[in-house]
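Report on the structure given below.
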Amino acid sequence: MIANFLTCLPILGLPTASFYFGTTNTTTTSGTKTNRRSSARYITLNRPKALNAMTIGMVETFLPWLQAWEKSEDSKMVFMKGNGRAMCAGGDVKAAVGFIKQNDESLIKVLDTEFKMFHYISTMKTPYIALLDGITMGAGAGLSINTPFRIATENTMFAMPETIIGLFPDVGATFYFPRLDGQIGTYLGMTGQAIKAHDVLQSGIATHFVPSAHLPALESKLVSLDTSDHDTINEVINEFASQYTDDQVMKNQHFTLCGETRQTIDRCFQYHTAEEIMDALEKDGSAFAKEARQTILKRCPTSVKVALQNLRLGVNMGIADCLKMEYDLWQKFAVRHDFIEGVTAQLVTRQPPQWKPASLPAIDNDELKKTFYDTPSAHPIEFLNDDNYLVHPYRHFALPSEKDILNTISEHPTWTLHDVSQHFLDLQKGKYGILEKVADVWARKNVSV
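Taken in order, the sequence shown gives residues -18 to -1, 1 to 431; the numbers are from mature numbering (1 follows the signal peptide of the UniProt record, and there is no 0).
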């Protein structure tokens, strides 16, 4: 979407959003640089003081570069990275509100370009490597979550906190979140909770984990391959990362969305209405459930309900259909009270937002369906290709899914934890993170039987 979310930064203990939006001329400053290194091509977001918040000018420059590189036989791989503490912390929702208040059609044009770019990134044939070495939120997620290679580091912080400002998780999250293990995607989408480093890998949002200090060496190794073969690149990243399993950075990583926490997430967020989820969280009574419930109560009620509905629909939709639905919904949300109120409350008045309706029970579900899903928007979108996959073609580059692990356990009932772990280590060339992932699934499976 029009770049999302520096608005959640105060919650994360970072400077407020006004620091990043400030006086930036988003229509004329690109804030990016490109370069080539042998057969590799680079886009580097270059607004470090603003945590690489994506401006309208940046949106307008990305797509032509990507199209040119996709068509060039000389371009074997594309790196997307950020300069400084962030890959991309979001973007210019304040500018979007300005367009709306001025009744400026430029907003639709920018949205059209942006969603075409996100679909194009998600379907490129040229290997695309996103380095999530820092804060990655909102629009930053759109530049990464549906790509083949998403490399997390100890600095990675990921979130889709759209419900804070009266929007919904977009930029492809409608496709990706429902395909995460269990109800992790539902939890992240409704709460907007930020997760860090190892959790980003274990949840499936990142495909690989490499210590930040070793990224330059990894880049050099990949560039030296002079190949556009995805499998070769994946094997090299896995082998490279496996060298550092004894690195102190790797040893300091902790998986938190596991064990009892994960059981609570799956148990409470399995329902199809927000009211049922809130009731389940209240009945659960654990500290984690209480915190999740209080977080949702602070979010825009309409946004929470639409976020949940999108994720339930998205599980059976292709990537193009998900992005088209998000584009359609963006047009409807942009002219509503809640979006303008949410952005204004976060960036201007610093006062609690006054949502309309003000609570989940106050929202008529039939009216919500009619408003957001049964009525087409005024501006449809046509993407630059017809790709509409239901399963990401490079899903297997990430850690094995919980379903994969459970199927293996079921097919080999005499196997021990060691046997199952070794099976996946052999399949994925000793991939970092497999031991922790398999151990958690094994433990929860044995608790539930």
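Cβ coordinates follow ideal geometry from the N, Cα and C atoms, glycine included.
Beta bridge counterpart(s) of residue i as assigned by DSSP
| i | result |
| --- | --- |
| L113 | I133 |
| Q17 | According to the sequence displayed, residue 17 carries Asn and not Gln. Per DSSP, Y24. |
| V60 | R23 and Y110 |
| A68 | I117 |
| K233 | Note: K233 sits in no beta bridge, so no partner. |
| Y191 | Inspection of the sequence shows that residue 191 is occupied by Phe rather than by Tyr. BP columns for F191 point to A134. |
| M36 | G73 |
| S139 | Reading the sequence as shown, one finds Met at residue 139 and not Ser. Note: M139 sits in a beta bridge opposite I117 and K178. |
Proximity below 7 Å, CB of residue i to CB of residue j
| i | j | result |
| --- | --- | --- |
| R67 | G116 | yes |
| I278 | T173 | yes |
| F100 | G124 | yes |
| H190 | I146 | no |
| K178 | M139 | yes |
| P375 | A289 | no |
| R23 | S57 | yes |
| S194 | N137 | yes |
| Q313 | S359 | yes |
| L293 | F159 | yes |
| F61 | I127 | no |
| L93 | F81 | no |
| residue 457 | K98 | Beyond the ends of the chain as shown, which are -18 and 431, falls residue 457; an answer cannot be given. |
| M40 | L114 | no |
| D208 | S21 | yes |
| A134 | A176 | no |
Backbone CA spacing between residue i and residue j [nearest angstrom]
| i | j | result |
| --- | --- | --- |
| P143 | M299 | 22 Å |
| N34 | G64 | 7 Å |
| V387 | A199 | Going by the sequence as given, residue 387 is Ile instead of Val. In a straight line, the C-alpha of I387 is about 32 Å away from that of A199. |
| H254 | L311 | 19 Å |
| P339 | S12 | 38 Å |
| V79 | K385 | 42 Å |
| R29 | T37 | 10 Å |
| D401 | S224 | 19 Å |
| T43 | T326 | 28 Å |
| T10 | P130 | With a pLDDT of 32 at T10, under the threshold of 50, the modelled position of that residue is not reliable, and no figure is offered here. |
| E257 | T168 | 14 Å |
| M106 | G267 | 45 Å |
| N85 | A316 | 11 Å |
| L197 | L183 | 16 Å |
| L45 | E242 | 43 Å |
| D422 | Y309 | 37 Å |
| E96 | E393 | 44 Å |
| L204 | I187 | 21 Å |
| G171 | Q165 | 10 Å |
| N17 | A425 | 47 Å |
| L409 | E221 | 12 Å |
| I247 | E55 | 46 Å |
Residue burial classification, residue i (beta-carbon count within 10 angstroms, cutoff 16)
| i | result |
| --- | --- |
| N216 | buried |
| S104 | buried |
| E273 | exposed |
| L372 | exposed |
| R244 | buried |
| K351 | exposed |
| K413 | buried |
| T214 | exposed |
| E264 | exposed |
| P343 | exposed |
| R332 | exposed |
| K15 | exposed |
| V153 | buried |
| N32 | Just to set this straight, residue 32 is Ala in the shown sequence, not Asn. Its Cβ being crowded by 16 or more others within 10 Å, A32 is buried. |
| S206 | exposed |
| A155 | buried |
Residue from the options with nearest C-alpha to residue i
| i | options | result |
| --- | --- | --- |
| L381 | K83, N389, Y355 and E418 | E418 |
| Q336 | L295, E257, G148 and L204 | G148 |
| I25 | D401, E55, M59 and S54 | M59 |
| D181 | Q235, A269, T246 and F379 | Q235 |
| F157 | H212, N370 and V420 | N370 |
| D228 | M260, H212, V192 and A256 | V192 |
| T398 | V420, E264, A155 and H378 | V420 |
| F270 | P283, R249, K287 and R132 | R249 |
| D211 | T108, K15, E349 and K53 | T108 |
| K53 | A121, Y102 and Q230 | Y102 |
| A121 | T135, I166, D261 and L27 | L27 |
| T353 | R318, L114 and W47 | R318 |
| I345 | S202, I416, T284 and F237 | T284 |
| K427 | D368, Q49, E349 and T390 | T390 |
| L305 | I259, R275, P362 and E323 | P362 |
| D74 | V231, W51 and Q328 | Q328 |
Cutoff 7 Å: residue i Cβ touching any chain C Cβ
| i | result |
| --- | --- |
| G72 | Of the protein chains in the structure, only one exists, and it is not chain C. |
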